[in-house]
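**Student:**
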Amino acid sequence: MIIIELNKRQEKIVEIVKENGPITGEHIADQLNLTRATLRPDLAILTMAGYLDARPRVGYYYTGKTSLQLVSDSIKKITVKEYQSIPVVVDKNVSVYDAICTMFLEDVGTLFVVDNSSILVGVLSRKDLLRASLGKQDLTTLPVNIIMTRMPNITFCEKDDNVYEVAKILIEKQIDAVPVVKRNGEQLEVIGRFTKTNITKALVDLIHEDM
1 MIIIELNKRQ EKIVEIVKEN GPITGEHIAD QLNLTRATLR PDLAILTMAG YLDARPRVGY
61 YYTGKTSLQL VSDSIKKITV KEYQSIPVVV DKNVSVYDAI CTMFLEDVGT LFVVDNSSIL
121 VGVLSRKDLL RASLGKQDLT TLPVNIIMTR MPNITFCEKD DNVYEVAKIL IEKQIDAVPV
181 VKRNGEQLEV IGRFTKTNIT KALVDLIHED M
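In full-length UniProt numbering, the protein residues as written are 1 to 211.
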């Protein structure tokens, strides 16, 4: 779906169809004193954009959708796999100190904890690591599997999930990122990460297509 800013002729076409639809292209052209060939590109654009729809031997009719609704429809068609990032993972046996270093060096707010087969076993947030740092334990010997969030409290998504639905989960759970997983039976293999930054990029790309 293409979201466009309508020119004056396209706005007039939408008005005509809204008032008279279903209406043929020939009748629209007659009302605008234009040839059918001249009008054809505008009708194609309006149809692709979702403002109008057409039925064979019936004509064009108005879909009833506003520009905001069209943008909403476009967002709901975007899947996680189109914008997911490379996951930043740590082994379940690494120390909290090493996890802190990884988080700093990779400049991320969430680490995914995996076993030797890249199967998700936990999640580490900044809060988890900060809480551990405030204690009196030796961070170089304290393994992350002691402080990480475990199942069933891990929020995750899959590559074919809708970006909008995942965004709602991030907001509801008040988290910055979720692992993208592939199901292997009951096990979850980490294949990516999806963050608020990914969502922002999807929105920017959507708006950029309209410019």
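Ideal placement from N, C-alpha and C gives every residue a C-beta, glycine not left out.
Return yes when the Cβ of GLY25 is within less than 8 Å of the Cβ of LEU39, no when it is not.
**Tutor:** In this structure, GLY25 lies closer than 8 Å to LEU39 by Cβ.
**Student:** Can you tell me whether VAL53 is helix, strand or coil according to DSSP?
**Tutor:** Contrary to the premise, residue 53 reads as Asp rather than Val in this sequence. Looking at ASP53 - three-state DSSP - the assignment turns out to be strand.
**Student:** Output needed for GLU106: all residues of its chain with C-beta closer than 7 Å, excluding positions within five of it in sequence on either side, in chain order.
**Tutor:** For GLU106, where only same-chain residues beyond five positions count, the Cβ hits under 7 Å are VAL88.
**Student:** Compare the beta carbon distance of VAL96 and LEU46 with 8 Å and say whether it is the shorter of the two.
**Tutor:** Against a cut-off of 8 Å, the Cβ pair of LEU46 and VAL96 comes out as no contact.
**Student:** Starting from PHE156, trace the alpha helix (DSSP H) in both directions and tell me its first and last residue.
**Tutor:** PHE156 -> no alpha helix (DSSP H), and no H or E assigned at all.
**Student:** Could you tell me if ALA44 is buried or exposed, where buried requires 16 or more neighbouring beta carbons within 10 angstroms of its beta carbon?
**Tutor:** It counts as exposed.
**Student:** What whole-angstrom Cβ distance do GLY192 and LYS159 have, given they're in contact under 8 Å?
**Tutor:** Rounded, the Cβ-Cβ distance is 7 Å, consistent with contact.
**Student:** Using 8 Å as the Cβ pair cut-off and three pairs as the minimum, do the segment 149-158 and the segment 109-124 touch?
**Tutor:** Segments in contact, yes.
**Student:** DSSP three-state label for GLU189, please.
**Tutor:** Strand.
**Student:** Suppose the cutoff is 8 Å on Cβ atoms and the five residues either side in sequence are ignored; what does the same chain contact list for LEU139 look like?
**Tutor:** Hits under 8 Å: SER95, VAL96, TYR97, ILE100, ALA132, SER133.
**Student:** Can you tell me whether MET48 is buried or exposed? The criterion is at least 16 other CB atoms within 10 Å of its CB, across all chains shown.
**Tutor:** So MET48 counts as exposed.
**Student:** Which residue spans inside the segment 16-42 form an unbroken beta strand (DSSP E) run of at least 3?
**Tutor:** Entirely contained in the segment 16-42, not one beta strand (DSSP E) run reaches 3 residues.
**Student:** Applying the criterion that 16 or more other CB atoms from any shown protein chain within 10 Å of the CB defines a buried residue, is THR63 buried or exposed?
**Tutor:** THR63 comes out buried.
**Student:** How is SER95 classed by DSSP in three states: helix, strand or coil?
**Tutor:** Residue state, collapsed to three classes: strand.
**Student:** Quick one: give me the first and last residue of the alpha helix (DSSP H) that TYR61 is part of.
**Tutor:** It is not in any alpha helix (DSSP H) - TYR61 instead sits in the beta strand (DSSP E) that spans 59-62.
**Student:** For LYS76, which three-state DSSP category applies?
**Tutor:** LYS76 falls in the coil class under three-state DSSP.
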